[in-house]
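>
In full-length UniProt numbering, the protein residues as written are 1 to 420.
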């Protein structure tokens, strides 16, 4: 408490900038610019081993299509015990080393450190920290460290203050924290997980948002079906107003109604899906329920596209989530593709949002073994910023508008590339 109290006292005189946002700079030229560039935050968990055949390295990062690179820190605060959880992420020395390596190739990039609950596939996300004092101490130390190593901001992933601990002293602390971060040009971002069309803890999120530069609404992962008690294995729908809710749009609007300004909202876009074995294959346009799935694991887009270059995969489009899924024998796989990520990215313009968080770029086809390198990241960039001049007309998917029709997924079955 002495540490936190001293920190608050020291920064009490700082001056707050009322309007502070991330400056988006991209070295890529586009054919038409619809608006001022918005931030595209590229989350990367470089400690994971994405592909044993093609090891992921800093040179694989799609830096030209990102304004900020979000690096996960090992030893972050986690819910439950209040002790650091460190199964993955970067140690501090490696994080600094990676930042220096990236600066050589992409000097325009800004760097953010992510701490909190990354929700890896072995444990559920934690939405509350057990002790507000622990969180305040952690944030104070993080800000000191970020200033020391010249990082541009902090992303707090899925970590909330417990309701009983949200009192006036916490509000005062966050207010002063924002002041000192803005004085030194640091961004402060929190991501919040969505579930069945709602942002958990939305009242607290609305109150917290006035101390934040951005709030990222996480709209991917397994969730409960709108009209059933069982979970299904696809991300959120894109159909608004359906009974029971559950659309990405409804989730964002719920955050807005909870008090988060639109321009402070970032929509998160996952480049991963899920694979499982099923005892009984679902119908052509259906997805398996959680109770019928076994051996569920995360599958990246890069892995999914290479798997489907083998014969025997049937592909369909889930009408509710508007995302593709594929199956072969008793294997089922739901994933993202260029069309689905552009559909989500189009919400930035449609709903007047602040930008995008891509989660995470290492799940893309960064090696280009299925075609273009980093096709999903490029698709997001094209939808949000405009068509890169180095893209051919044939590779560009038409921009989504208010009267979207059914999108073809025939490009998924392109088998011109052979899996090594």
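Cβ atoms here follow ideal geometry from the backbone N, Cα and C, with glycine treated the same way.
Going by DSSP, which residues form a beta bridge with residue 388?
Answer is 30.
> What does a CB cutoff of less than 7 angstroms around residue 279 pick up in its chain, not counting 5 residues either side in sequence?
Contacts found: 292.
> Just to confirm the assignment, what range does the beta strand (DSSP E) spanning residue 466 have?
Lying outside 1 to 420, the shown extent of the chain, residue 466 is not represented and no answer is given.
> Indicate the three-state DSSP secondary structure (helix, strand or coil) for residue 313 in the structure shown.
Here residue 313 sits in coil by DSSP.
> Can you list, in chain order, the residues of its chain whose CB lies under 7 angstroms from that of residue 331, leaving out five sequence neighbours each side?
Excluding positions up to five away in sequence, the list reads 275, 277.
> Tell me where the beta strand (DSSP E) around residue 252 begins and ends.
Where residue 252 is concerned, there is no enclosing beta strand (DSSP E), although the alpha helix (DSSP H) it sits in stretches over 248 to 257.
> Mapping DSSP to helix, strand and coil, what is residue 341?
It is helical.
> If you follow the beta strand (DSSP E) that residue 156 is part of, which residue opens it and which one closes it?
First-last of the beta strand (DSSP E) with residue 156: 153 to 157.
> If you pair each beta-carbon of the stretch 207 to 222 with each one of the stretch 259 to 274, do three or more pairs fall below 8 angstroms?
Yes: the two stretches touch, three or more of their Cβ pairs being nearer than 8 angstroms.
> List the endpoints of the continuous alpha helix (DSSP H) containing residue 102.
Its alpha helix (DSSP H) spans residues 92 to 105.
> Any heavy atom of the ligand MG within a distance shorter than 7 angstroms of the CB on residue 182?
Here there are no bound small molecules, and the ligand MG is not part of this structure.
> Check this for me: beta carbons of residue 156 and residue 190, under 8 angstroms apart or not?
Yes, Cβ-Cβ distance for residue 156 and residue 190 is below 8 angstroms.
> With H, G and I counted as helix, E and B as strand and the rest as coil, what does DSSP make of residue 206?
Of the three classes helix, strand and coil, the one that applies to residue 206 here is helix, per DSSP.
> From residue 39 to residue 171, what does the alpha carbon distance come to, in whole angstroms?
C-alpha separation (whole angstroms): 27 angstroms.
> Should residue 355 and residue 266 be called a contact, given that it needs their Cβ atoms to be closer than 8 angstroms?
Yes; because the gap between Cβ atoms is below 8 angstroms, this pair is in contact.
> What residue from 60, 24, 28 has the CA that sits closest to residue 369's CA?
The residue with the shortest Cα to Cα distance from residue 369 is 60.
> Note down the Cα distance separating residue 236 from residue 340, rounded to an integer number of angstroms.
With a pLDDT of only 46 at residue 236, under the threshold of 50, the placement of this residue in the model should not be trusted, and no figure is reported.
> So, are the CB atoms of residue 217 and residue 252 less than 8 angstroms apart?
Yes. Within cutoff.
> Tell me the rounded alpha-carbon separation between residue 58 and residue 273.
Those two C-alpha atoms are separated by around 23 angstroms.
> Give me the residue from 299, 23, 359, 295 with the minimum Cα distance to residue 153.
Checking every option, the nearest Cα to that of residue 153 belongs to 23.
> For residue 373, which of 390, 213, 183, 298 has the nearest alpha-carbon?
Ranking 390, 213, 183, 298 by Cα distance to residue 373 puts 390 first.
> Which residue from 342, 281, 303 puts its Cα closest to that of residue 314?
The residue with the shortest Cα to Cα distance from residue 314 is 281.
> Roughly how many whole angstroms lie between the Cα atoms of residue 69 and residue 112?
Near 6 angstroms, if we compare the C-alpha coordinates of residue 112 and residue 69.
> Comparing alpha-carbon positions, which option in 149, 192, 359 lies nearest residue 186?
Of 149, 192, 359, the residue nearest in Cα terms is 149.
> Residue 261 by DSSP, collapsed to three states: which one?
In the structure shown, residue 261 sits in coil (DSSP, three-state: anything other than H, G, I, E or B).
> Could you give the C-beta distance for residue 44 and residue 361, rounded to a whole number, given that I count them as a contact under 8 angstroms?
Between residue 361 and residue 44 the Cβ distance is about 5 angstroms, and since that is below 8 angstroms, they are a contact.
> Measure the CB-CB distance between residue 219 and residue 359 and report whether it falls below 8 angstroms.
Cβ distance not < 8 angstroms, so residue 219 and residue 359 don't count as in contact.
> Determine the direct distance from the alpha carbon of residue 151 to that of residue 116, and round the result to whole angstroms.
One C-alpha to the other measures close to 17 angstroms.
> Let me check understanding here. Comparing Cα to Cα, which of 363, 335, 302, 178 lies closest to residue 318?
Nearest C-alpha to residue 318: 335.
> Can you list, in chain order, the residues of its chain whose CB lies under 6 angstroms from that of residue 381, leaving out five sequence neighbours each side?
Contacts found: 65.
> Among 177, 385, 338, which one has its Cα closest to the Cα of residue 376?
When each option's Cα is compared against that of residue 376, the closest is 338.
> Let me check one thing: in DSSP terms, what residues is residue 70 bridge-paired to?
According to DSSP, which records beta bridges pairwise, residue 70 is partnered with 43, 112.
> Since residue 331 is in the beta strand (DSSP E), which residue starts that stretch and which ends it?
Note, residue 331: beta strand (DSSP E), 331 to 334.
> Can you check which of these residues, 63, 146, 327, is closest to residue 308 by C-alpha distance?
Residue 308 has its Cα closest to that of 327, out of 63, 146, 327.
> Exposed or buried, what is residue 205 when buried is set at 16 or more other beta-carbons lying within 10 Å of its beta-carbon?
Answer is buried; the Cβ neighbour count reaches 16.
> Out of 329, 323, 99, which one is the CA nearest neighbour of residue 344?
The shortest C-alpha separation from residue 344 is found at 323.
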